[in-house]
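Taken in order, these protein sequences are the chains called Z and D. Read left to right, the first sequence gives residues 1 to 367 (the working numbering). Read left to right, the second sequence gives residues 1001 to 1428 (the working numbering).
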Amino acid sequence: MNFTITRQNLHSGLAAVSASIPSKTTLPVLSNILFEAKEDGVWMSGTDLDVAVRVKVPADVKEAGSLTAPGKKLVEITRELPDQPVEVATRNEQIELKCGRSHFKLNGLPAEEFPTLPEVDFSEGWTVTGKDVNGLIHRTAFAVSTEESRPILNGVLWELRDGSMRMVATNGHRLARMGVPAESKGAPSADFIVPPGALQQVQRLFKDDDSLEVARSGNHLGFRAGSTEVYTRLIEGTYPNYDQVIPRDNDKMATIDKKALESAVRRMAVVASDQTHRIRMKFEPGRVHLNVMTPDLGEGHDEIEVGYDGEELEIGFNANYLLEVLRYMPTDEVQVAFKAPERAATIEPVGEELDYLCLVMPLRLLD
Amino acid sequence: MYPARFPAAIRRNPESSVPESPSPRRILLVDCDAFFVQVACLEDPEGAGKAKYLIVGGTPTGRGVVTSASYSARAFGVRAAMPTAHALRLCPEATIVGVPRGVISERSRDVRRALEDLSPIVQAASVDEFYLDLSGTERLFTGETLEASAWRIRQSVLERTQISVSLGGGTRRVIAKLATRCAKPAGVHIVQPGAEDVFLRQLDLADIPGIGPALVEVLRKKGLVRVEDTWPVQIEWLQRWLGDRRGAWLYRRIRGVDSSEVDPHERRKSISAERTFAEDIGDDRELGRRLLKLTGSVASTLREKCFRARTVTVKLRDSDFKTRQHSQTVPEAIESDAAIHEIAKALLFDLRADRRMPVRLLGVGLTGLVGSEDAPQLGLFANSGAGETDRERAVSRTVDELRNRFGRGAVMPGLLVEAKKTPGGPKK
């Protein structure tokens, strides 16, 4: 393998791929990036066995070939190289970099040792816009469960339908759901449960104006735009019926200034229990009282004006769940809807036609 | 081995410990000297109280082990957790008495009450260990050094409770803990502010709390036995050998970095129980019964302490002393006998499937504790793995009430009643 590449192209390719390299691994080749020099350019790939990233960068290839070389070291070297063409060559199992007067030789591993990336046929898939996908990821992926006890909730449910798509994430206590209209290319409806790590890579690598091809092959999902590809293993199993738990009969509605609510909840959270983060909210016409009382610590009280004319109702929440949900609400005002102290409350943006809904389960108030 | 006394090189003039601004923390660890032995002597002054060499623990027949031994018996090499039979071979003249279970917690409470009158913050770390935080009391005691405070506290506790204690002191909890070992028995050992590094560097790695036999062995293979050997090793190397988190932890640990507070309200982190059987058990049904008994016992303690648990652990020690354990964490914290036993049963099944050997010891532990009075977080998906119904919870609480009124044997699972009726029946 022998090619010449601009420092800029080498660095952007390595930066794209290196984020998929695991920081700690028992399989040494996973710390490496696979280089494949072909006629049309150089492909670089990295994987942690769950998510893989593959990019092609333009280069003047003199001799085709492949080798894997230590990813993090190459990124660090390239970052420090002068802005001049870099000549990359392989000699046995070493990769050699020459740039101006700088010269490096790094030990690599044979390309055959690198895991084979899934083969995905993009002609039988869906086409979506980077803007739609990134928007859905941004507003839902935060709600994914990080606990191992229910692996199915460690992924984001992505529903692709004729004319629309939707993402849903939950940890069983709070949930985020967002949908957007989407053009489909006649591919059938499908549901995927995608690890958030893969969606992070998608968000990082694809721009809003990218036209994103998505296709499935067995238990893998591929994303492609231009010469950048992301592959991920899908989480297997049946996602719980989230639609069933979204209340349709929440008849008490409060319209609240998002910033005012956020800062009041944040103030209360300071005094809330480290274990439960419990705060109480008492809604009455025109205002909501926020209270917190933590044994051995103390208490706090706050109140804000809200648009509410329903009956008085007291409800408990984990302050952290409320804050997370509020952080991702895109509008200045939000509508909080509930029915009873032990029923799910929904929070939706006000003033924009968005199919976005978050749901927070209350904390039981024992007294 | 620890030096019997603080080396002169690192002993500072006690006067120099008068705090400068900002004042260093003044932490003491009060450790009751051979607590079980002292309590046994106080309870039976004519019997145990007059024994020249006293061992508190199980009987020498079977698998009884030493719980505690008098310092005179320790001179013969008798140690806690040693089989009593072996201890008797080392010290044939020793008198053996059972553990005075009923009064241990009562005496421990006495010591705690005495300490609470002497220090603003007291945290019970175990039945016979108490951390005190005397920070900010310098002016109250008109410049009394920490060492003088420690001697005064020792004397006062002895007068009020007849229990002799040793005190270790320093600017951090871990330092106080290590210093206590140098103070024992019936002494005081203070590591002065600024002298911590010198103090730590003379210790073996195995002396540091949290560095267990497995880690000691890994480090020994790298040629590291003493803290002094490990001190110059860069954090990067420790991380390379032990992983990022563990390497960084060891680096800080040997330097005595410890910002933990003396917290009188510190929450309990685990509840567990284990049994060493008189004879190894190979029969799965019998193991199942023992597990049922153990889970009932830990679950009842869990509820008594007003907790729920998220993680259940089952531990087995096979007849060849190989110890194994499996854990399972559930999404919602549980408290009922039924739910905890159901998980423990599956864990035991897995452990037995991995290795079928007669079992010497069985244990059940509960961690991930949350207060049962804490506002429970309601879940979105019913029956999504919480594994406990309101009915199961109510049944367990009712059983607790019945046992409180009519005694522990008033209600028990049918399987255990059957086993009681046919002693030895289920065994092969």
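Even glycine gets a Cβ: it sits at the ideal position worked out from N, Cα and C. Just so it is clear, the structure is predicted and the values come from calculations on it, not from any experiment.
Interface flag for D:Val1330 against chain Z is set, since a Cβ pair is found closer than 8 Å. In terms of CA proximity to Z:Leu81, Z:Cys99 leads the group Z:Val88, Z:Cys99, Z:Lys72. Where Z:Ser12 is concerned, there is no enclosing beta strand (DSSP E), although the alpha helix (DSSP H) around it starts and stops at 7 to 18. Within the DSSP bridge table, the entry for Z:Phe35 names Z:Met44, Z:Leu67 as partners. Taking a beta-carbon distance threshold of 8 Å, Z:His173 counts as an interface residue toward chain D.
With respect to chain Z, the C-beta atom of D:Gly1365 has no partner C-beta closer than 8 Å.
Burial state of D:Phe1321 is exposed, judged by a 10 Å Cβ sphere holding fewer than 16 other Cβ atoms. Here D:Asp1117 carries a coil assignment [DSSP, helix/strand/coil].
Boundaries cannot be given for D:Ala1094, as no beta strand (DSSP E) includes it and DSSP labels it neither H nor E.
Contact between Z:Met329 and Z:Ala344 does not hold, since their C-beta atoms are separated by about 17 Å, which reaches or exceeds 8 Å. Annotation for D:Asp1229: the continuous alpha helix (DSSP H) segment containing it runs 1227 to 1230. Under the DSSP assignment, D:Val1262 falls outside any alpha helix (DSSP H); it carries neither an H nor an E label. Distance from the CA atom of Z:Thr228 to the CA atom of Z:His11, rounded to whole angstroms, is 15 Å. Remark: C-beta atoms of D:Lys1050 and D:Glu1093 do not approach each other more closely than 8 Å. At least one CB atom of chain D sits nearer than 8 Å to the CB of Z:Glu147.
A Cβ-Cβ distance of about 12 Å is found for the pair D:Phe1035 and D:Asp1110, leaving them out of contact under the 8 Å criterion. Here DSSP, grouped into helix, strand and coil, assigns Z:Ser23 to coil. With a 10 Å radius around the Cβ and a threshold of 16 neighbouring Cβ atoms, Z:Val194 comes out buried.
Along the length of the stretch 1027 to 1057 of chain D, whole beta strand (DSSP E) runs at least 3 residues long occupy 1027 to 1032, 1054 to 1057, reported in chain order. The stretch 24 to 43 of chain Z makes no contact with the stretch 198 to 207 of chain Z: fewer than 3 CB pairs, one atom from each, lie closer than 8 Å. Taking CB atoms only, D:Gln1123 has no neighbour in chain Z less than 8 Å away. Per DSSP, the unbroken alpha helix (DSSP H) holding Z:Gln203 starts and ends at 196 to 205. As the crow flies, the alpha-carbon of D:Thr1061 is around 12 Å from that of D:Ile1096. D:Gly1379 and Z:Glu236 have their C-alpha atoms spaced approximately 22 Å apart. Z:Leu363 belongs to the set of residues whose beta carbon lies under 8 Å from a beta carbon in chain D. Distance from the Cα of D:Gln1328 is smallest, within the candidate group D:Ser1336, D:Arg1317, D:Leu1348, for D:Leu1348.
By the CB criterion at 8 Å, D:Ala1148 and D:Ser1166 fall outside the cutoff. Apart from the 5 residues on each side of it in sequence, Z:Val168 sits with its Cβ closer than 6 Å to the Cβ of Leu157, Arg177, Tyr242 in its chain, given in chain order.
Taking CB atoms only, Z:Glu342 has a neighbour in chain D less than 8 Å away. In the displayed model, D:Val1174 falls within a helix according to three-state DSSP. In the three-state scheme derived from DSSP, where H, G and I count as helix and E and B as strand, Z:Tyr242 is classed as helix.
When 7 Å is used as the limit between beta carbons, D:Phe1381 is near these residues of chain Z: Gly172, Pro240, Val245, in chain order. Contact residues of the stretch 1017 to 1049 of chain D toward chain Z are absent (C-beta to C-beta distance below 7 Å). In the three-state reduction of the DSSP assignment, D:Tyr1071 falls in the helix class, which pools H, G and I. Less than 8 Å divides the Cβ of D:Ser1336 from the Cβ of D:Arg1393.
Shortest Cα-Cα distance from Z:Gly172 to any of D:Glu1332, D:Val1198, D:Arg1352 involves D:Glu1332.
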